């Protein structure tokens with residue numbers, strides 16, 4: 001674990017260096033600077049509102065654990081929560097400062113803009129990984145127990161819940177609200193500064209896709225390492241423990257080198273997608289090479305094979321996601337728009353459901369091999385392998401919303417079209433990486449949930465369930481229902497919060513007559529506040545559901561029931577998440593494909609039909625789908641903590 | 001079992017009496033008679049095409065079983081298949097003859113029309129139950145083994161697969177095809193005889209909602225009785241066995257009395273919904289009273305309680321389904337149409353997903369109580385209880401498409417509007433009963449699958465799975481994926497088959513110039529053929545998937561994996577089926593609510609938005625959703641048969 005501390009501190013220095021490099025760039029003229037500042041303020045205000053709800057909850061929980069178990073668990077919980085919050089806060093601060101700087105760099109050229117936006121993403125990506133391992137190490141030194149790291153993991157899960165679910169509701173409420181009144185009723189173009197919700201929409205990109213995604217993957221990263229360390233220690237002692245630590249270290253080092261390499265190439269790049277892809281693959285290969293050398297050194301080759309499967313499956317899931325959300329599949333989907341919106345919905349739904357097949361088989365095969373080679377430890381280690389290069393893959397992910405924001409600022413500041421062209425080309429790449437990132441997030445959530453389940457089943461000490469024990473099946477039935485119910489709640493939440501938003505935008509347009517003529521500035525802050533309140537209020541019920549269900553099932557059905565619950569929730573949750581993410585991604589790109597001039601182009605009947613698909617896909621892919629990742633991981637870690645409490649640890 | 005024979009023969013006589021009463025009615029004027037005959041021919045032609053594919057498959061399977069196990073299993077398989085086919089064929093023959101007779105009776109009044117259409121439904125309902133128990137009894141006498149009844153059940157499952165999946169694809173391909181060209185392109189009203197696909201559409205109602213639904217519930221009925229008999233014999237010997245037989249007998253007797261009662265009330269009824277509801281409740285109560293008396297007589301009161309839970313939950317599931325697909329929920333859904341089709345889709349999706357919550361809890365509670373009272377036998381017996389009054393509940397179900405057909409014939413034959421009004425009011429009731437019937441079908445499929453699973457787990461003899469055995473989880477993961485993939489396949493199938501249909505309708509309208517002016521009759525038969533071929537061709541892949549997956553998983557993961565597979569498939573399948581059925585039903589009724597003049601009425605923006613919802617809901621509720629019922633039951637019964645083979649029975 002000492003390695004985690006050393007490398008973490010080194011990595012922090014690198015991150016600070018990167019951050020300064022970004023901040024020393026010009027944020028442009030008065031207009032772009034001002035816009036960026038409004039977005040910064042909006043994002044911060046969302047985070048602080050969130051913390052106001054979040055920290056009291058976590059403190060009560062910490063006190064509760066202190067009383068019933070001891071102070072160490074409370075400390076672990078608080079470290080997990082605080083470090084994840086810090087990662088999200090810092091990453092978002094830089095991301096919301098990198099946006100205008102990317103816009104301004106775009107006036108100089110594509111390469112410069114790519115460099116700034118990717119640097120911003122890299123700060124987020126590396127911060128998550130770095131604080132993740134630093135927190136782990138500190139927790140370990142404080143608690144002196146691998147098992148109590150579960151509380152650290154639980155803390156991270158809580159942050160993920162708030163950031164992902166709250167952020168997901170926020171971003172879509174703002175987006176849908178802005179679209180309904182702005183585009184449809186008032187006929188304003190996208191990103192028009194006269195739209196009162198336009199800043200809230202830009203804030204939403206950061207809140208959902210930077211902070212939300214970051215907290216989600218922080219949770220996966222920490223959860224899979226925790227599981228692997230515990231299972232590795234149990235089955236292989238020191239040797240197992242150490243190998244996990246080294247794989248994580250190799251991944252972080254490779255990510256840093258990959259990021260430096262990518263930044264070096266960025267300036268002269270004229271194909272951003274290729275540059276980012278080469279950097280990511282480079283880091284993956286480097287991690288594998290280092291792991292291979294290590295395996296040879298300690299003479300334990302299975303480590304290499306399992307990590308290889310993890311990395312490989314992560315890559316393949318990305319490719320399958322890309323296959324279903326771009327190219328031929330999307331063109332075919334766009335074509336169904338010629339028959340009307342209903343056909344777009346049916347075909348897109350079928351497409352998303354179909355995509356569960358290949359991804360499930362892949363995960364299954366990886367897990368079998370990992371299990372055959374290293375038992376339960378292998379299952380967890382494959383998850384660690386998949387997430388080992390999170391440093392760079394999250395950087396690529398977080399780069400997307402920065403580029404998106406940069407485009408919005410260019411539009412709102414009225415910069416020349418050439419700038420917008422450059423930011424648009426960066427944004428287009430960001431859309432693809434976002435779709436792949438979602439696939440990766442689901443895949444890693446599935447493997448993490450499996451690893452946590454392995455941990456739970458080991459802890460629950462249930463060695464002989466009768467298959468005919470109905471509590472297993474009934475637990476699974478309830479578990480399988482929860483992702484559906486959870487999705488219904490989050491979808492309703494988006495709808496209701498968007499309604500609030502629509503009312504506010506209408507009110508402003510009516511009461512401030514100068515808005516539409518551009519003479520008066522709308523009250524952006526008010527819209528941000530409404531979206532924030534709406535999101536936080538409506539995430540309470542889903543949150544309670546996620547945390548209490550394992551407890552209730554344990555009380556009613558016992559540990560076997562909880563085992564069933566986790567199986568059911570993971571199984572139906574993973575399928576639902578894949579379906580929603582890929583249907584949503586495909587609808588988004590089908591609309592874009594038509595907008596490029598195909599099947600009649602913008603404004604045609606087909607375009608309108610695909611817009612319906614895109615609108616349906618928004619809460620699918622950005623709210624409900626991603627929230628399910630959190631649900632299944634949080635339920636798993638809650639069950640583990642529950643077992644440690646029950647066993648009186 | 002002797003009781004099954006006696007009562008079955010008595011019931012057959014009653015069915016024949018009912019059938020003659022229908023046939024002696026006038027089928028009306030030349031026009032209505034002719035239309036009815038075309039529908040009869042179309043329905044028959046679909047069935048015979050289906051048999052041509054089906055029987056070779058079943059014979060090969062029978063020969064296979066003969067060789068590896070013995071002739072008894074083949075005989076059981078063939079009885080199961082043949083009796084289910086006979087039930088479907090006979091029921092559909094009468095239903096397609098009752099349609100025009102209902103139309104003609106409607107010229108005399110509502111009561112007469114209700115009487116004929118419900119008689120038609122009753123023939124279907126009673127035939128399914130009667131042949132179900134007769135087949136069971138004969139199988140038992142031939143094989144002299146309760147366990148070999150699984151092959152009888154497998155035969156019934158195969159018919160259900162072909163009837164439900166093939167029929168589901170057929171009915172929606174015809175419906176969608178007729179709507180796209182007829183309504184949208186050629187501007188013809190619903191049920192216009194100039195639309196070449198109009199007969200295929202009417203045939204589809206019978207193929208999907210009469211034969212398909214009938215085969216689905218035949219399978220549930222037989223599967224739950226089989227499971228209860230086996231588990232009852234194992235855990236309670238003769239006593240357990242007998243109580244199942246008596247509950248089934250009480251249910252059939254009560255159904256017959258309820259049907260007679262309803263027919264008596266029908267003529268003077270001016271509220272068809274109420275008349276049907278009273279009849280159904282009457283039968284349920286009578287069954288419970290008889291069961292209570294029997295329980296007191298044999299001094300085993302738990303039998304009564306478990307059956308009571310089954311009946312009660314069946315009823316409640318129906319009510320919950322009604323709650324989600326009518327009234328306030330639907331009005332709120334219709335209102336979202338004012339914001340556009342995307343909002344209708346999102347809200348309807350959330351509605352369907354939300355509905356999984358209450359239904360899952362209900363099933364869970366019923367199963368727990370049943371298990372606490374009678375162990376695994378209780379779980380199976382609750383399923384039998386729920387299906388005990390299938391005779392009348394399926395009658396109410398099958399009445400719907402007859403009324404729907406009657407309306408179509410009235411329209412096509414150009415009868416006076418008053419007649420159409422009467423048939424429309426019958427049809428409206430049918431829509432509600434159809435939605436409740438779907439809820440009932442899913443609920444019973446879930447309980448049957450659970451009962452079959454209990455049987456499987458008992459048979460597989462797995463008394464000690466480690467929860468950490470990854471094959472359980474991986475089996476569940478693959479099982480959970482299958483309903484999604486299966487739904488994708490059936491949705492694609494509808495889309496592709498509808499495309500064939502659209503091409504054919506366009507061709508006819510183009511090549512036969514007299515069609516649109518009404519001077520030349522379109523080639524109805526050709527459309528029926530196209531839909532039939534399209535449906536049968538596209539059900540092969542889903543069918544193979546359903547049958548082979550347990551075998552493949554057994555070979556790869558062993559019996560524990562198959563257990564996981566069944567858990568995963570049932571869990572995610574039940575949720576998906578509930579979601580699709582209720583979203584679809586709500587969308588359908590939201591459209592109707594707007595058509596009644598709300599939120600702008602027919603032709604308004606809101607109406608168009610709700611039409612999109614209805615169109616999306618069609619394959620959800622009539623193809624993919626119901627097909628999942630079959631998938632989970634067929635996988636369960638295949639697994640059981642597999643176990644008997646493996647154990648070398």
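Protein chains in written order, with the UniProt record's numbering: chain A, 1 to 649; chain B, 1 to 649.
The C-beta atom is built at its ideal place from N, Cα and C for all residues, glycine as well.
Given the structure is predicted, the values throughout are model-derived calculations rather than measurements.
request  = Please work out which residues of its chain come closer than 7 Å, Cβ to Cβ, to residue 282(A), disregarding the five sequence neighbours upstream and downstream, and give them in chain order.
outcome  = 258, 261
task = Measuring only between beta-carbons, confirm whether residue 627(A) sits less than 8 Å from chain B.
result = no
task = Over the uninterrupted alpha helix (DSSP H) stretch that includes residue 52(A), give me the two end residues.
result = 30 to 68
message = Would you say residue 324(B) lies against chain A (beta-carbon separation less than 8 Å)?
response = no
Any C-beta of chain B under 8 Å from that of residue 480(A) = yes
task = Quick one: grab the DSSP three-state call for residue 465(B).
result = strand
ask   = At a cut-off of 7 Å, is residue 113(B) close to the ligand MG when judged by its beta-carbon and the heavy atoms of the ligand?
value = Because no ligand of any kind appears in the structure shown, any question about the ligand MG cannot be addressed here.
inquiry  = Quick check on residue 590(B): does DSSP put it in helix, strand or coil?
reply    = helix
Cβ-based contacts, 8 Å cut-off: residues of the segment 355 to 370 of chain B near chain A = 356, 357, 360, 361, 363, 364, 367, 368
key: Per-residue contacts from residue 458(B) into chain A (C-beta, under 9 Å)   = 467, 468
message = Quick check for students: name the residue ranges of the alpha helix (DSSP H) that lie wholly in the segment 572 to 631 of chain B, counting only runs of 4 or more.
response = 605 to 619
request  = Would you mind sorting residue 144(A) into buried or exposed? The rule is 16 or more other CB atoms within 10 Å of its CB.
outcome  = exposed
task = Count the CB pairs spanning the segment 353 to 362 of chain B and the segment 613 to 624 of chain B that are closer than 8 Å, and state whether there are at least three.
result = no
Boundaries of the alpha helix (DSSP H) in which residue 323(B) is found, first to last residue = 301 to 324
request  = Please determine, among 432(A), 461(A), 627(A), 408(A), the residue with the shortest C-alpha to C-alpha distance to residue 106(A).
outcome  = 408(A)
ask   = If the cut is a Cβ gap below 7 Å, which residues of chain A does residue 376(B) touch?
value = 468
query = CB residue 157(B) to CB residue 512(B), shorter than 8 Å?
reply = no
key: Helix, strand or coil at residue 185(B) [DSSP, three-state]   = helix
ask   = Within the 8 Å Cβ cut-off, does residue 542(A) reach chain B?
value = no
query = Does DSSP put residue 416(A) in a helix, in a strand, or in coil?
reply = coil
ask   = Using a Cβ-Cβ cut-off of 8 Å (strictly less than) and excluding sequence neighbours within five positions of residue 462(B), which residues of its own chain qualify?
value = 559, 560, 563
ask   = residue 341(B) touches chain A at which residues, Cβ-Cβ below 7 Å?
value = 341, 612
request  = Taking 8 Å as the cut-off, decide whether the C-beta atoms of residue 210(B) and residue 171(B) are in contact.
outcome  = no
ask   = In chain order, which alpha helix (DSSP H) runs of at least 4 residues are fully inside the segment 503 to 579 of chain A?
value = 524 to 538
query = Smallest Cα separation from residue 483(B): which of 377(A), 482(A), 360(A), 587(A)?
reply = 360(A)
request  = Identify the contact partners of residue 353(A) in chain B, using a Cβ-Cβ distance below 8 Å as the criterion.
outcome  = 484, 485, 487, 488, 491
request  = Assign residue 271(B) to one of two classes, buried (16 or more other C-beta atoms within 10 Å of its C-beta) or exposed (fewer than that).
outcome  = exposed
query = Residue range of the alpha helix (DSSP H) that residue 331(B) falls in?
reply = 327 to 336
key: Near-chain B residues of the segment 272 to 284 of chain A - C-beta to any C-beta below 9 Å   = none
query = Cβ of residue 630(B) within 8 Å of Cβ of residue 455(B)?
reply = no
ask   = Using a C-beta to C-beta distance shorter than 8 Å, which residues of chain B count as neighbours of residue 454(A)?
value = 468, 470
request  = Would you please state the rounded distance, in angstroms, between the beta carbons of residue 386(A) and residue 310(A)? I believe it to be under 8 Å.
outcome  = 4 Å
message = Within 8 Å of any Cβ in chain B, is that where the Cβ of residue 126(A) sits?
response = no
request  = Answer yes or no: does any C-beta atom of chain B fall closer than 8 Å to that of residue 347(A)?
outcome  = yes
inquiry  = Using 8 Å for Cβ pairs, my map puts residue 423(B) next to residue 113(B). What's the rounded Cβ distance?
reply    = 7 Å
query = Quick one: what's got a C-beta closer than 6 Å to residue 19(B)'s C-beta in the same chain, skipping five residues either side?
reply = 94, 123
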